[in-house]
Amino acid sequence: MKFEKIAAPKGVREYLPPESQAFEWVRQQLISPAKRAGYQLMELPVFEDTSLFNRGVGESTDVVTKEMYTFEDRGGRSITLRPEGTAGVMRAVIEGNLDRGQLPVKVWYSGQFFRAERPQAGRYRQFYQVGIEAIGIDDPALDAEVIAIADQGFKNLGLKNYRLEITSLGDAQSRAAHRVDLMKFVSKLDLDEATRTRSEINPLRIFDDKRPEIKEAMQSAPILMDYLSDYSRDHFEKVKSYLDALGVSYTVNKRMVRGLDYYTGTTFEFVHDDLGAQSGIGGGGRYDGLMEVLGGQALSGIGFGLGVDRALLAAIAENTLPVQDFNSDLFIIPLSLDEKAYVLNLAQEVRRAGFAVEVAFGDRSLKGAMKGADKSGARFVAVIGESERESGDVELKRMSDGTSIRVKISELQKVLEA
RNA sequence: GUGGGCGUAGCUCAGCUGGUAGAGCACUCGGUUGUGGUCCGAGAUGUCGCGGGUUCGAGCCCCGUCGUUCACCCCA
1 MKFEKIAAPK
11 GVREYLPPES
21 QAFEWVRQQL
31 ISPAKRAGYQ
41 LMELPVFEDT
51 SLFNRGVGES
61 TDVVTKEMYT
71 FEDRGGRSIT
81 LRPEGTAGVM
91 RAVIEGNLDR
101 GQLPVKVWYS
111 GQFFRAERPQ
121 AGRYRQFYQV
131 GIEAIGIDDP
141 ALDAEVIAIA
151 DQGFKNLGLK
161 NYRLEITSLG
171 DAQSRAAHRV
181 DLMKFVSKLD
191 LDEATRTRSE
201 INPLRIFDDK
211 RPEIKEAMQS
221 APILMDYLSD
231 YSRDHFEKVK
241 SYLDALGVSY
251 TVNKRMVRGL
261 DYYTGTTFEF
271 VHDDLGAQSG
281 IGGGGRYDGL
291 MEVLGGQALS
301 GIGFGLGVDR
311 ALLAAIAENT
321 LPVQDFNSDL
331 FIIPLSLDEK
341 AYVLNLAQEV
351 RRAGFAVEVA
361 FGDRSLKGAM
371 KGADKSGARF
381 VAVIGESERE
391 SGDVELKRMS
401 DGTSIRVKIS
411 ELQKVLEA
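Numbering (this note's numbering), first residue to last: 1 to 418.
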């Protein structure tokens with residue numbers, strides 16, 4: 001009887017050995033600056049009440065209208081697999097009353113996110129992000145620090161071919177004024193129906209169109225930055241000066257568009273040059289109305305999400321991944337069935353002393369077992385037979401040069417440490 | 001959701017104008033007693049993505065389908 005194979009669901013990105021090692025390294029590098037800046041872990045559910053995203057991310061966004069994995073659970077509740085991280089963090093902060101303590105609340109998260117899009121290079125239906133949120137303080141210095149933390153994550157990976165683009169989306173008032181003028185401008189353009197519809201939902205979208213004729217037409221469109229209130233403009237100027245002071249280089253992109261509705265004020269994006277169409281490796285910004293919309297206090301917040309999958313692709317493209325295979329310190333081979341229990345025991349003992357120890361399994365020939373030891377990359381190999389078992393000695397063979405020495409088990413630690 | 005490329009061994013790929021499947025790497029075993037890397041020898045592995053059609057005959061041609069990949073859209 002032969003069973004059919006079951007394949008992974010379409011578009012999921014999974015990491016198997018040896019690649020998983022690089023993935024884990026990348027994730028660690030990306031988030032370590034946040035940990036050192038006092039951000040604390042938040043472990044959240046991967047599914048939430050659907051209305052959290054409808055309200056938080058925005059009904060007009062593509063993410064909500066056509067990319068969410070939404071289903072009904074057995075209790076008839078509408079559930080959605082999280083498409084992004086910020087809304088869930090805010091929900092948990094409100095629910096856990098973290099905003100009733102000292103501000104800003106500083107948290108980080110790491111995990112998988114879900115969007116039902118057509119898969120493509122760097123775009124998956126289940127993908128990985130790490131991110132941080134700093135909630136409750138509206139200080140341009142905090143904006144700058146958040147951006148610098150993200151930047152440091154990419155620097156940790158050794159990346160060079162990326163750039164940081166920043167802009168200010170202003171406050172609600174500046175946006176409303178701009179929207180009126182932009183709508184007027186766009187309505188005069190000759191657009192196909194799909195683009196027209198999109199522009200009516202969010203006219204800023206048209207700035208993001210890649211077609212040359214549209215780009216050309218948008219050259220003279222009214223720019224949001226020209227509509228910023230005094231407060232917003234001043235805030236943005238300060239963010240820039242702090243970034244300058246931090247030595248974080250950036251370019252101001254007055255036409256930047258973000259796909260999530262909650263962004264206000266400082267908004268930023270990290271773009272990598274070697275990645276093809278899906279070039280955004282991270283992004284974030286301030287979201288001053290979000291907490292209130294979700295039923296909490298009217299507190300401001302700022303955060304970012306970094307794409308672990310894409311950061312890994314970028315590190316591969318720039319060839320910055322360190323070679324770091326797992327190499328055990330000791331590989332133990334039992335010569336016969338009689339030594340198995342003894343060897344298992346010995347391995348546990350040496351592990352307790354803090355060393356990485358592997359055991360040969362499967363009753364292969366000694367030659368085969370040695371081959372396995374060689375491929376494992378172990379520094380030392382010990383073959384245990386009757387004489388070793390009786391004497392309590394171990395003959396350690398150093399694989400790099402083939403020499404071997406006989407030691408007492410009690411002296412093992414000293415040799416392995418050398 | 002729309003469009004293009006590609007599906008042959010675990011991996012990378014050959015396979016002529018249609019004549020019923022191959023290489024390299026990897027893997028396992030062996031090259032006399034309890035010691036790896038190199039070398040030599042042997043071995044295992046495929047419903048040629050799947051379904052249909054054309055044909056005496058299809059891995060090769062045609063249609064469909066699924067998967068994958070790239071781009072649009074969108075974004076991490």
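From the three backbone atoms N, C-alpha and C, an ideal C-beta is built for every residue, glycine too.
Which of helix, strand or coil DSSP assigns to residue i
i	result
Glu417	helix
Glu14	coil
Pro222	coil
Gln297	coil
Met1	In this prediction, Met1 has a pLDDT of 47, which is less than 50 and means its spatial position is unreliable; what the coordinates show is noted afterwards. Here Met1 sits in coil by DSSP.
Thr320	coil
Val350	helix
Phe268	strand
Lys106	strand
Gly88	helix
Thr61	coil
Tyr250	coil
Asp401	coil
Glu358	strand
Arg100	helix
Asp288	coil
Short Cβ contact (9 Å threshold) for residue i with residue j
i	j	result
Gly296	Gly265	no
Ala34	Ile137	no
Ala87	Val57	yes
Ser168	Leu224	yes
Asp12	Gln126	Position check: residue 12 holds Val in this sequence, whereas Asp was assumed. Going by C-beta atoms, Val12 is nearer than 9 Å to Gln126.
Ala145	Tyr242	First, the residue type needs correcting, since residue 145 is Glu and not Ala in the sequence shown. Against a cut-off of 9 Å, the Cβ pair of Tyr242 and Glu145 comes out as a contact.
Phe380	Leu330	yes
Val359	Pro334	yes
Val26	Leu157	yes
Gly282	Phe71	no
Ala221	Leu191	no
Val394	Leu412	yes
Ala378	Met399	yes
Leu294	Phe355	no
Met218	Met90	no
Phe207	Pro140	no
Leu344	Ala121	no
Buried or exposed (CB count within 10 angstroms, at least 16 for buried), residue i
i	result
Gln40	exposed
Leu337	exposed
Ile6	exposed
Thr251	exposed
Pro9	exposed
Pro45	exposed
Tyr231	exposed
Glu48	buried
Gly29	The sequence shown places Gln at residue 29, not Gly. Classification of Gln29: buried, given that the 10 Å Cβ count is 16 or more.
Asp143	buried
Ser110	buried
Ser174	buried
Ala277	exposed
Arg310	buried
Ile405	exposed
Boundaries of the beta strand (DSSP E) in which residue i is found, first to last residue
i	result
Gly131	Gln126 to Ile135
Lys210	Neither: Lys210 is in no beta strand (DSSP E) and is coded neither H nor E.
Gln278	Careful: Gln278 lies outside any beta strand (DSSP E) and carries neither H nor E.
Arg471	The structure shown has nothing for residue 471, since the chain only spans 1 to 418.
Ala382	Phe380 to Ile384
Ser365	First-last for Ser365: undefined, no H or E at that position.
Ile201	Here Ile201 belongs to no beta strand (DSSP E); instead the alpha helix (DSSP H) covers Glu193 to Ile201.
Span of the alpha helix (DSSP H) around residue i
i	result
Ala148	Pro140 to Asn156
Ala176	Ala172 to Ser187
Ile332	Taken as a continuous stretch (DSSP letters only), Ile332 belongs to no alpha helix (DSSP H), being part of the beta strand (DSSP E) at Leu330 to Pro334.
Asp230	Asp230 to Leu246
Glu24	Glu19 to Arg36
Leu52	Thr50 to Gly56
Cβ-heavy atom distance, residue i to the ligand HEM, below 8 Å
i	result
Lys215	Absence of the ligand HEM from the depicted structure is noted, as is the absence of any ligand whatsoever, leaving it without description.
Handout entry: Any 3 or more C-beta pairs closer than 8 Å across the region 94 to 107 and the region 115 to 122
Key = no
Handout entry: Stretch pair the region 192 to 199 + the region 258 to 275: three plus CB contacts closer than 8 Å
Key = no
Practice task
Please confirm if the region 11 to 22 is in contact with the region 77 to 84, defined as three or more CB-CB distances below 8 Å between the two stretches.
Solution key: no
Exercise for the section: Answer yes if the region 125 to 142 comes into contact with the region 294 to 311, meaning at least three C-beta pairs across the two stretches below 8 Å, and no otherwise. Expected result: yes
Exercise for the section: Would you be able to state if there are at least three C-beta pairs under 8 Å between the region 384 to 402 and the region 328 to 345? Expected result: yes
Handout entry: Meets three-Cβ-pair contact criterion under 8 Å: the region 268 to 282 and the region 154 to 166
Key = yes
Problem - Three CB pairs or more closer than 8 Å across the region 351 to 361 and the region 47 to 65 - result: no
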